[in-house]
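Convert by adding 1294 to the 1-based position in the sequence shown; the result is the number in my numbering. Positions of the beta carbon are idealized from the N, C-alpha and C atoms, including for glycine. Some notes on the structure that comes next.
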Amino acid sequence: MANFTYSPNGLALTKQFEGLELTAYQDQVGVWTIGYGHTGPSVHGGMTITQDQADQLLESDVTGAVTCVNRAVTNQINQNQFDALVDFVFNLGCASLLTSTLLRFVNAGDFADAAPQFLRWDHAGGVVVPGLLKRRQAERALF
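This is how it looks when you write it as structure tokens:
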């Protein structure tokens, strides 16, 4: 089990790719989203939040991703690898990491085969999304 905290470098990556929206919008697959990629049953059309609320939601959402990665990774990794995995989980959810070949390679210590696995997660609604591809490329590079 890893025991890392999310670094400012990792947080900057998440903020860069999530962007900041203070008014709720529907993402590419129709999920209501606000702030830095926050979703959930409380997010709805017409909803607005402040910058402080967006920061608080991000902190809360990142905590779940950090916990997931710390629990799932059984092999020794470095901070950049941890940050890349947290951004991946923040974007795709813990279940995606737990069932992935990416995690299997990481836990086997096979980082050369793990890195390209990020690129397999560039689809939304069954199609390649250029923004997701760029995000996966950035995660792979950080990893």
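Length of the line joining the Cα atoms of residue i and residue j
i, j, result
"residue 1425", "residue 1311", "8 Å"
"residue 1316", "residue 1329", "5 Å"
"residue 1420", "residue 1387", "17 Å"
"residue 1418", "residue 1370", "31 Å"
"residue 1372", "residue 1404", "13 Å"
"residue 1428", "residue 1415", "11 Å"
"residue 1434", "residue 1306", "15 Å"
"residue 1326", "residue 1339", "7 Å"
"residue 1297", "residue 1366", "11 Å"
"residue 1335", "residue 1406", "39 Å"
"residue 1302", "residue 1308", "10 Å"
"residue 1347", "residue 1353", "10 Å"
"residue 1408", "residue 1385", "18 Å"
"residue 1345", "residue 1318", "13 Å"
"residue 1402", "residue 1343", "42 Å"
"residue 1351", "residue 1432", "23 Å"
"residue 1389", "residue 1337", "21 Å"
Short Cβ contact (8 Å threshold) for residue i with residue j
i, j, result
"residue 1400", "residue 1304", "no"
"residue 1332", "residue 1349", "no"
"residue 1392", "residue 1382", "no"
"residue 1368", "residue 1295", "yes"
"residue 1375", "residue 1395", "no"
"residue 1322", "residue 1423", "yes"
For residue j and residue i, believed in contact at Cβ under 8 Å, the rounded distance
i, j, result
"residue 1360", "residue 1299", "7 Å"
"residue 1314", "residue 1378", "In fact, because the Cβ distance is near 21 Å, the residues do not count as touching under 8 Å."
"residue 1413", "residue 1430", "5 Å"
Practice item. May I have a chain-ordered list of the alpha helix (DSSP H) segments no shorter than 4 residues that lie completely inside the region 1298-1374? Key: Uninterrupted alpha helix (DSSP H) stretches at least 4 residues long and entirely within the region 1298-1374 occur at 1302-1312 and 1345-1366, given in chain order.
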